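As structure tokens, the structure follows; a few thoughts come after it.
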Amino acid sequence: MGEIKFDQILRESGFSQSAIDEVKAGKLHNGGNLDASSEKELSVKLAFHIKAAKIDNVKTLFLDSPAKKEYDPTVDSIGMIATDGGDGCLSDFDGLKLSNSSVMDKLYKKAAPGSDLNLSKVEIAKFKGLKSHEDIETCLKSVLLARFRSYKKSGLAGMAPYARSKKDFSVSDEVKRMVEAGKLLHKHAPRFQKLLLEYPNSAPSDMEESFFWVNSTIDEKPTIALVHRMGVRMAENFTRAAKVVSSAAAELETLKIKD
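Quick note: the sequence shown uses my numbering, first residue 8, plus one each step.
Structure (structure tokens):
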């Protein structure tokens, strides 16, 4: 695939030439909202320029140094998963703590289809009968580890649907719909779009990836997400994406959408 023309992509995204010039000068430019692919999606367009002498510096920042906590005041804690490229372990989640313990303990103990938590039916059953805050935290960590392993093995097909009072909500279908709606992605990086949809089956040999968990406070409640970052070298460029693959807490997160 040839080199990606970033000026062209920005123009096709609706950025004016003056906005593109500002981005190149180092300004973060908010281009407004994008057309959402569904009523459950909030889409915005941002453009920024990272000056780096070597592409490896950018890859290290994106893949190996999730500095989200340094600029996002809602982030309480963050941790890498399976840095050795393996299947991960419970100790990867040692830094994960549930604040507002009395509220969260009540939510998890009373978890049910259609409640404020995004859990599958199997996961809900695991929290039944737990007594202590420590038991709930340990169970949550085991649930997140199981989600990570299932996704890494089977991709979107490994993401269990969230239990709802009526029809369960399919996270994998939601991700597929959003990725397939990416017209610019399809036009300029079809191989990468295919990777997002078919991971891990279509992963190229030069793909690099990392996984981490993020614990944020949204509306005074912990919101926990698992994030997959991946990158592929394309000509002289490094195309990358961050995908929230799981969220198991109350309130709204990138893929935490009630139907």
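Glycine included, each C-beta is placed from N, C-alpha and C at the ideal position. Note that the coordinates shown come from a computational prediction; the quantities given were computed from them, not determined experimentally.
Around the Cβ of residue i, are there at least 16 other Cβ atoms within 10 angstroms (buried) or fewer (exposed)?
i, result
"D14", "exposed"
"I88", "buried"
"F326", "Nothing in the structure corresponds to residue 326, since the chain is present only between 8 and 266."
"L17", "buried"
"N64", "exposed"
"T81", "exposed"
"A256", "Its pLDDT being 31, under 50, A256 is placed unreliably by the model, and nothing is read from it."
"S217", "buried"
"N208", "exposed"
"L163", "buried"
"L68", "exposed"
"V182", "buried"
"F22", "buried"
"G33", "exposed"
"G92", "exposed"
Please name the residue or residues paired with residue i in a DSSP beta bridge.
i, result
"N40", "V51"
"N222", "S84, I231"
"F176", "Y169"
Enumerate in chain order the residues of its own chain whose CB-to-CB distance from residue i is below 7 Å, with the five nearest sequence positions on each side excluded.
i, result
"V110", "K228"
"S274", "Since the displayed the chain opens at 8 and closes at 266, residue 274 lies outside it and no answer follows."
"S2", "Residue 2 falls outside the range modelled here, since the chain spans only 8 to 266, and no answer is possible."
"T90", "none"
"E19", "L191"
"L35", "L53, F55"
"D71", "S217"
"S44", "R184, M185, A188"
For residue i versus residue j, is the C-beta distance shorter than 9 Å?
i, j, result
"N37", "L53", "yes"
"H235", "Y158", "yes"
"V186", "L204", "yes"
"S84", "V221", "yes"
"L152", "F219", "no"
"L233", "F134", "no"
"L103", "I231", "yes"
"A118", "L124", "yes"
"D79", "S223", "yes"
For residue i, which residues from the same chain have a beta carbon less than 8 Å from its beta carbon, with the 5 sequence-adjacent residues on both sides left out?
i, result
"L137", "Y115, K116, I143, C146"
"V129", "A167"
"D42", "S50"
"G86", "D99, F100, D101, G102, L103, F219, W220"
Beta-carbon within less than 6 Å of residue i's beta-carbon, same chain only, minus the 5 sequence neighbours each way: which residues are those?
i, result
"A167", "S127"
"K31", "H56"
"D112", "H140, I143"
"G165", "S157, Y158"
"K160", "none"
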